[in-house]
Amino acid sequence: MLTERHLQIFIALAEEQHFGDAARVVGITQPPLSQGLRRLEALVGAKLFERGQGRVELTPAGAALLPYARRALSSIEELHQAAVARDPEGPEIRLGLAPEVPSSAGAAVAAACGAAIPGSRVTVVSAPTSSLVGQVSAGRLTLAVVLHPAVLDGLEAGAVTLLPTYALVPTALVPDDGGEVKLRQLSGVPVAVRPRAEAPAARDLFLDTLALHRPDGGTVVVTDERAGLAMAAAGQAIVVTADPALAAPGVGRHRLVDDPLPVRLRLVWSRTRTPFLRPADVMAQLTNALVVS
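Residues in the sequence shown are numbered from 5 upward in steps of one, following my numbering.
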């Protein structure tokens, strides 16, 4: 059966003339794009592209069918928009938030979503960055706030926002005077980190920066910031967080000198799956919500 994804692959390949570039436009990796093209050619009973050294060109049959594919995809997008416009409950905006997003920032983005699309319904889920990127690519989420850097697989992305972080340190290690500390001062206790698989690129950057500024002390993997906070309260870990609400008895909050470990966040969305969120001013409003939160 001919699907919307088949049309997206056909048009992207015709415009980009390169498998890798077309895969990024569609929001998938190259192997499923190649498989999709083979299925499409089997469905239409014709070879649509000539393959060269990294490049592809339309065959006469492909050139003849391309205008029909564009009209069909345009009609499908119009159908999506018409369905959204006629939904009595308003369009649903499915927002994903990485666990590292402070509650105030997440609330600000959710509020901005509702304000940007009058009458919309906003639903929110929390999941690791790697999961959120996949869900946005697959259309299960409308947009998400994820850690940067991350492999986005062709998704659109807003500007990177840097949130300042604090070290939550056992008071037995550093007296709780609310002052600034350097990472080098926080030796002897490991820093709590979340599993690398949740956000590989962002986690590697964090660990590399941590090793540069704090060569001694090591790290300990925790399931979430609450687990890290519990270990800090027990005198067994240090937590680096952007969440101003995270606190516990026996744990001091200290601003890190020169802010070497900011939480880097950005909004991501699919160009082909969010017709009602495309205008630049809407995305600017959502990105601004992160800055002012």
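C-beta atoms are modelled at their ideal positions from N, C-alpha and C, and glycine is treated no differently.
Pairwise C-beta distances place the segment 141-160 out of contact with the segment 179-199, as fewer than three of them are shorter than 8 angstroms. A check of alpha carbon separations from G232 across S79, D220, A251 and R218 identifies A251 as the nearest. If you look at G232, you'll find it in the alpha helix (DSSP H) that goes E229 to A237. In this structure, L44 places its C-beta atom within 7 angstroms of the C-beta atom of F14.
P35: member of the alpha helix (DSSP H) spanning Q34 to V48, first to last residue. The beta carbon of R9 lies closer than 7 angstroms to those of G40 in the same chain, with the five residues before and after it left out. When beta bridges are read from the DSSP output, F53 appears opposite L62. Three or more Cβ pairs drawn from the segment 187-204 and the segment 223-230 lie within less than 8 angstroms of each other, which places the two stretches in contact. Burial check for S79: the Cβ neighbour count within 10 Å stays below 16, so the residue is exposed. Distances from the alpha-carbon of L156 to those of Q12, L101, T33 and T127 put T33 closest. Between the segment 123-130 and the segment 215-227 there are fewer than three C-beta pairs closer than 8 angstroms, too few to call the two in contact.
An exposed status is given to Q57, since fewer than 16 other beta-carbon atoms sit within 10 Å of its beta-carbon.
Counting along the chain, no alpha helix (DSSP H) covers R200, and no H or E run does either. Within the segment 159-192, not a single complete alpha helix (DSSP H) segment reaches 4 residues in length. Distance from the CA of A26 to the CA of M5, rounded to the nearest whole angstrom, comes to 21 angstroms.
Between the C-alpha atoms of P253 and T291 there is a straight-line separation of about 34 angstroms. In the DSSP assignment, H217 falls within the unbroken alpha helix (DSSP H) covering P204 to H217. Distance from the CA of H152 to the CA of S134, rounded to the nearest whole angstrom, comes to 11 angstroms.
Between V150 and L136, the C-beta gap is smaller than 7 angstroms, which places the two residues in contact.
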